[in-house]
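In the numbering used here, the protein residues as written are 849 to 1161. Ideal Cβ placement from N, Cα and C applies to all residues, glycine included.
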Amino acid sequence: MSWALSYTSSYSFTSASCTLLVILLLLLDLSSQSCNGLGTFGFDIHHRFSDTVKAILGADGLPEKGSVEYYAAMARRDRIIQGRHLAASNNQSPLTFANGNNTLTDPTLSFLYYANVSVGTPSLSFLVALDTGSGLFWLPCDCQKNIAVGCSTYTYLSSGEEIDLNIYSPSASSTSEKAPCNISTLCDQNQCLSASSDCAYTYGYVDGSSNSGILVEDVLHLITDDNQLKAVEAQITFGCGKNETGIFLNGFAPNGLLGLDLGNISVPSTIARKGLGPNSFSMCFGSDGTGRINFGDNGTSEQKETSFTVGSS
């Protein structure tokens, strides 16, 4: 049983109450307002067993749960029910994760929000923690079971149930490539002896925890959030994390972490740099633990804003 595949999501955010809105510079909207945006691409987040999903979707007439067709059907049904009319800026269709873009919280997972993302060829799903305070996207890579050090291949739910995790392996994906040593300042230049050298990295966090491995490039699977549901493959750089320390060894982000900060290597920055959407994103969470994340959301004129001052101490 794969943890990354054990939740179902829909592509519409129906909660009228939003407690958090993050737009590029982490703009905070402390009032209650709609999360639907124009000229955006993103994904909605519902818990599999939420009242919203049960009431709106039901189980009748839907394709097999977990399939791409299943998530596509949910997206279409949500658009009809809510009457959403998402307009794309610069003639670009909104984008969403191909395998469902669910976020959830669980006490055994440190109460973080998580999203289900699909990477590689063939695609593999990962339930990654969302973190606006860091920039690196990393996945557990070539982990070995029953090894005391490295990265974990399983985690536990609050019920005590053991859940096997999907593990990324560059050799198992036909679209995986080594990232060149000059791609990022994260690369350890002492190990960049030639153009073919691995880009080794160690990424530290403020609490002293770290993730280390090599940077690789592979596809992040998206689809257009319109009637065509066109597949989009975004080539991204991320960490093939082979060693974890600190809180990562205690159930924190057990299946990877998606950094959302302003750095060039972050997924939002990469999506914008490749011309797939405006250089912005928003996150919106409802009181019931569901929410939505959009890439390319410029927000509304009524929202309150709190800007970052980049480079200040």
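Environment of S1042 [buried if 16+ CB atoms lie within 10 Å] = exposed
A1120: first and last residue of the uninterrupted beta strand (DSSP E) it sits in = No beta strand (DSSP E) contains A1120, which is instead part of the alpha helix (DSSP H) from 1115 to 1121.
Three-state class that DSSP yields for G1061 in the structure shown | strand
Is the Cβ-Cβ distance between G983 and G1087 less than 8 angstroms?
-> no
Between N1103 and V976, is the Cβ-Cβ spacing less than 8 angstroms?
-> yes
Under 8 angstroms between the Cβ atoms of V820 and V967?
-> Because the chain in this structure spans residues 849 to 1161, residue 820 falls outside the shown range and cannot be described.
Going by DSSP, what residues sit across from N1091 in a beta bridge?
-> S1060
Based on the DSSP secondary-structure assignment, which residues constitute the bridge partners of F1129?
-> F1143
For S1117, which residues from the same chain have a beta carbon less than 6 angstroms from its beta carbon, with the 5 sequence-adjacent residues on both sides left out?
-> none
With burial defined as no fewer than 16 other Cβ atoms inside 10 Å of the residue's Cβ, what is the status of P970: buried or exposed?
-> exposed
G1061: which of C1132, F985, G1123 sits nearest, CA to CA?
-> F985
So what does DSSP say about F1100, is it helix, strand or coil?
-> coil
For the beta strand (DSSP E) that contains T1050, what are its first and last residues?
-> 1048 to 1052
What number of angstroms, rounded off, separates the C-alpha of F1096 from the C-alpha of D1012?
-> 16 angstroms
Per DSSP, what kind of secondary structure is A1226 in: helix, strand or coil?
-> Residue 1226 lies beyond the residue range present for the chain, which begins at 849 and ends at 1161; the question has no answer from this structure.
Would you tell me roughly how many angstroms separate the C-alpha atoms of C1040 and Y1051, rounded to the nearest one?
-> 17 angstroms
Which two residues bound the contiguous beta strand (DSSP E) that contains S973?
-> 972 to 979
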